[in-house]
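A.B. asks: Provided herewith is a single structure, encoded as structure tokens, for subsequent inquiry.
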Amino acid sequence: MANPTKSAIVAVTMLAMSELIGNRFVSAKGRQATADDPIFGIVPVDVKAGESVAVEILGVGVVESGGVIEMGDKVASDAQGCAIKSETGQFLALSSASGANEPVKVLLR
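Quick note, the sequence shown lines up with residues 17 to 125 if you use the working numbering.
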């Protein structure tokens with residue numbers, strides 16, 4: 017999937033409390049999401065601590081994969097904010113990834 021498209025229909029501006037890597041999950045605390053964090057949304061661009069960013073929270077977003085994902089899998093965050101398959105994941109994968117560091121479309125809800 018070379019150029020995945022996204023269609024985020026709701027974005028909320030937040031202050032980055034740490035450096036954020038684009039196309040990864042972010043927590044409600046303004047930090048890159050980890051495996052134990054509830055996911056707030058996807059940060060679409062790299063952001064430095066103290067900067068504001070519009071976080072995509074509803075619609076179809078694109079997130080970096082942290083491993084193999086099949087379309088239809090539930091996904092959650094790994095320790096670096098990347099999408100991984102998870103039975104308890106809060107989002108649905110709308111595309112597949114054959115491994116880490118690939119773009120995956122996810123339904124944000």
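By construction, the Cβ of each residue, glycine as well, lies at the ideal position given by its N, Cα and C atoms. Please read all numbers here as calculations on a predicted model, not as lab measurements.
Note the first and the last residue of the continuous beta strand (DSSP E) segment covering Glu80.
C.D. replies: Reading the sequence shown from its first residue, position 64 is the one you call residue 80. Looking at the DSSP string, the run of the beta strand (DSSP E) that includes Glu80 is Ser68 to Gly82.
A.B. asks: Tell me where the beta strand (DSSP E) around Val91 begins and ends.
C.D. replies: In the sequence shown, residue 91 corresponds to position 75, counting from 1. Where Val91 is concerned, the enclosing beta strand (DSSP E) stretches over Lys90 to Ser93.
A.B. asks: Is it the case that the Cβ atoms of Glu72 and Ile58 are separated by a distance below 8 angstroms?
C.D. replies: The residue you call residue 72 lines up with position 56 of the sequence shown. The residue you call residue 58 lines up with position 42 of the sequence shown. Yes, Cβ-Cβ distance for Glu72 and Ile58 is below 8 angstroms.
A.B. asks: Leaving out five residues on either side along the sequence, give the residues of the same chain with a beta carbon under 6 angstroms from the beta carbon of Ser111.
C.D. replies: Taking the sequence shown and counting its residues from 1, the one referred to as residue 111 is at position 95. Excluding sequence positions up to five before and after Ser111, its CB lies within less than 6 angstroms of the CB of Met17, Met87, Val120 and Lys121, all in the same chain and listed in chain order.
A.B. asks: To the nearest angstrom, report how far apart Asp89 and Cys98 are at their CA atoms.
C.D. replies: Taking the sequence shown and counting its residues from 1, the one referred to as residue 89 is at position 73. Taking the sequence shown and counting its residues from 1, the one referred to as residue 98 is at position 82. Using only the alpha carbons, I get a separation of about 14 angstroms.
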